[in-house]
Amino acid sequence: MTIKSTKNKPKILVILGPTASGKSALAVKLARKYNGEVISADSRQVYKGLNIGTGKITKKEMLGIPHHLLDIVSPKETFNVVDWKKLTDKAINDILNRGKLPIICGGTGFYIQSIVDGIVLPEVAPNKELRKKLETKNLEELVTILKKMDPERIKNIDTKNKVRLVRAIEIAKTLGSVPNLKKVKPPYDVIQIGLMADDEDLKKKIKNRLVSRIKKGMIMEALNLHAVGLSYKRMRELGLEYKFLADFLEKKITKSDFMKNLETEIWRYSKRQMTWFKRDKSIKWLLKEKDVIAELNYWLT
RNA sequence: GCGCCGGUCGGAUAGUGGCUAUUCCAGGGGACUGUAAAUCCCCGGUCUUUAUGACAUCGUUGGUUCGAGUCCAACCCGGCGCA
1100 MTIKSTKNKP KILVILGPTA SGKSALAVKL ARKYNGEVIS ADSRQVYKGL
1150 NIGTGKITKK EMLGIPHHLL DIVSPKETFN VVDWKKLTDK AINDILNRGK
1200 LPIICGGTGF YIQSIVDGIV LPEVAPNKEL RKKLETKNLE ELVTILKKMD
1250 PERIKNIDTK NKVRLVRAIE IAKTLGSVPN LKKVKPPYDV IQIGLMADDE
1300 DLKKKIKNRL VSRIKKGMIM EALNLHAVGL SYKRMRELGL EYKFLADFLE
1350 KKITKSDFMK NLETEIWRYS KRQMTWFKRD KSIKWLLKEK DVIAELNYWL
1400 T
């Protein structure tokens, strides 16, 4: 056997996969087996109060395993990759210092990649006023503005994507131009395990899970969130269940449309997740729990 | 049975008789430099050498016309109204 170049690096485990594939429960099992702690890589579970709709793991289900990056910010505020990466870097260090295995578990590909590939993003905070102003411009105008500010970035940016254009202009405004994407390989030995899922099987799980979320009181949860000041506009921004819950509570759609449309939308979301994950060829896709354990036993030796 | 209205891609929809039958959704594929559950792009009749290629197609059959999804007739199906 060849000596692994990663020999002395601390190990980090990543469990990823499409929504409803059973990541959370598996992560807890693995944490118990390998003395680990879980870091959630979910762009919506960071928000307090978004519990049933995001499928956030309950205290009971955690079985005593510490979970990080859950419930850390109010849904009225916005949270992004950079915030997540900073906190996750810190959490990883803390866990390693305790002599335990960090297990990153989630379905937000961009967040996971920021750690695994060590993406260095420019230090430019969102500029609310600027965004508001740019929002009123059309595509063509935004392209013209960016072209003038940063003739390099315009070459590879998606010129049809307003959100990206606005962000690029925002960065160029403070830094003069958008720096090339930098990647600094993190000093860890990372293994990424993807939970494979059969299409039909996943569709079934999505449907069943949705029904069970309704039974658990997902609609009440949304009502409560609104009662404590979460606007329907913001709720919509949070996507999927919350988007449709807002529509339903504002009587824009019927209950049966709510169920049908949401189910479709979650399926489409899972496909988008897979499109993202497929790009990373280093992910090991496994179907069965025992295969995961076999893979990990090998990796840990 | 009579009258009216309508039958266009899986669903919904546009289409003054003129050459490539529209758009939206669903479906499939893809992108991703701080909104990522977001945002955005491509494909969607059949065949092939995948192309401003060939051949189809608008309930069915026939007709008018140089030319029909569009006009006419009959029939079939659906909705509404009257019996």
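Each residue of the first sequence is one higher than the last, beginning at 1100 in the numbering used here. Ideal Cβ positions, reconstructed from N, Cα and C, are used throughout, including at glycine. Treat the numbers as computed from the prediction; the structure is a model and nothing was measured.
One Cα belongs to residue 1293, the other to residue 1247, and the distance between them is close to 42 angstroms. Between the region 1228 to 1241 and the region 1160 to 1177 there are fewer than three C-beta pairs closer than 8 angstroms, too few to call the two in contact. Here residue 1162 is exposed. Its C-beta has fewer than 16 other C-beta atoms within 10 Å. Of the candidates 1267, 1349, 1321, the residue whose Cα lies closest to the Cα of residue 1230 is 1267. The region 1117 to 1132 and the region 1205 to 1213 touch, with no fewer than 3 CB-CB distances between them shorter than 8 angstroms.
DSSP places residue 1222 outside both helix and strand once states are collapsed to three, so it counts as coil.
Looking from the CA of residue 1380, the closest CA among 1215, 1182, 1318 belongs to 1215.
Contact between the region 1189 to 1204 and the region 1251 to 1266 is absent: fewer than 3 CB-CB pairs across the two stretches fall below 8 angstroms. Between residue 1213 and residue 1184, the gap from beta carbon to beta carbon is short of 8 angstroms. In this structure, residue 1175 places its C-beta atom within 8 angstroms of the C-beta atom of residue 1328. At the C-beta level, residue 1394 and residue 1386 stay beyond 8 angstroms of one another. Rounded to the nearest angstrom, the Cβ distance from residue 1249 to residue 1276 is 4 angstroms, consistent with a contact under 8 angstroms. Taken atom to atom, the span from the alpha-carbon of residue 1397 to that of residue 1165 is near 25 angstroms. For residue 1140, the enclosing beta strand (DSSP E) begins and ends at 1135 to 1140.
Taking 8 angstroms as the cut-off, the beta carbon of residue 1217 is found closer than this to the beta carbon of residue 1285.
Under DSSP, residue 1146 forms a beta bridge with 1172. Cβ-Cβ distances below 8 angstroms link residue 1360 to 1343, 1352 in the same chain, with the five nearest sequence neighbours on each side left out; the list follows chain order. Among the bridge pairs identified by DSSP, residue 1193 is matched with none. In the DSSP annotation of this structure, the continuous segment of the alpha helix (DSSP H) that includes residue 1318 starts and ends at 1317 to 1326.
Within its own chain, no residue has a Cβ closer than 7 angstroms to the Cβ of residue 1400 once the five positions on either side in sequence are excluded.
For residue 1268, the enclosing alpha helix (DSSP H) covers residues 1261 to 1274. Beta-carbon to beta-carbon, residue 1291 and residue 1127 are separated by about 18 angstroms, too far to satisfy the 8 angstroms threshold. Residue 1283: not part of any alpha helix (DSSP H); DSSP gives it neither H nor E.
Across the set 1133, 1107, 1308, 1110, the C-alpha of 1133 shows the shortest separation from the C-alpha of residue 1392. Residue 1219 places its beta carbon less than 8 angstroms from that of residue 1283.
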